[in-house]
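Accompanying notes for the structure given below.
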Amino acid sequence: MAQGRGSAGAYIAVVAMLCVVNFHVANSAVFTVGDGGGWTFSSGSWTSGKRFRAGDVLVFNYNSAVHNMVPVSAAGYKRCAAPSSANVLSSGNDRVTLSKGTNYFICSYAATPVTARLG
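FYI, UniProt numbering numbers position 62 of the sequence shown as 62, with every residue one higher than the one before it.
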């Protein structure tokens, strides 16, 4: 009989953990960078009036023939350069979950200095 009570306790713990995870996901917002215009040279002002939090999702829509999207450090953002080990996203419809603090993104193609800084 004692074994059954332990199983019920484990079940309740798992259900409680799933509720916490679902609460966090349900409270995350999804933002399309640049709104309807997508991620472009002039998309810097789209952040005005928006509040970003860790766990929110950014959707980067862009022409993948001429752009890509690379999450970078503050130094990479300042130099507009990605390290060779960078995670380069190039689908034209990329989703990134924001981490705590300031998040930086660039296009790593040399002739297209498209950037985003959130935080």
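In this text, a Cβ means the ideal position worked out from N, Cα and C, and glycines have one as well.
Checklist entry - Which residues in the same chain as P71 place their Cβ atom closer than 6 Å to its Cβ, once the five residues preceding and following it in sequence are excluded? => result Counting from one through the sequence shown, the residue named residue 71 turns up at place 71. These residues qualify, in order along the chain: F105.
Item to check | Span separating the alpha-carbon of T47 from that of G34 | outcome: Sequence index remark: in the sequence shown, residue 47 carries index 47 (1-based). Sequence index remark: in the sequence shown, residue 34 carries index 34 (1-based). Straight-line Cα distance between these residues: approximately 8 Å.
Item to check | Check whether V88 and N63 have beta carbons under 8 Å apart | outcome: Residue numbering aside, residue 88 sits at position 88 when the sequence shown is read from its first letter. Residue numbering aside, residue 63 sits at position 63 when the sequence shown is read from its first letter. No.
Checklist entry - What's the C-alpha gap between A54 and S28? => result Taking the first residue of the sequence shown as 1, we reach residue 54 at position 54. Taking the first residue of the sequence shown as 1, we reach residue 28 at position 28. Spanning the two alpha carbons is a distance of roughly 8 Å.
Item to check | Span separating the alpha-carbon of N93 from that of L58 | outcome: Counting from 1 along the sequence shown, the entry for residue 93 is found at position 93. Counting from 1 along the sequence shown, the entry for residue 58 is found at position 58. For N93 and L58, the distance between alpha carbons rounds to 10 Å.
Checklist entry - Which partner residues does V96 have in the DSSP bridge list? => result Residue 96 sits at position 96 when you count from the first residue of the sequence shown. Looking at the DSSP assignment, V96 forms a beta bridge with L58.
Checklist entry - In whole angstroms, what is the alpha-carbon distance linking T97 and K50? => result Walking along the sequence shown from the start, residue 97 turns up at place 97. Walking along the sequence shown from the start, residue 50 turns up at place 50. Cα to Cα, the separation comes out at about 16 Å.
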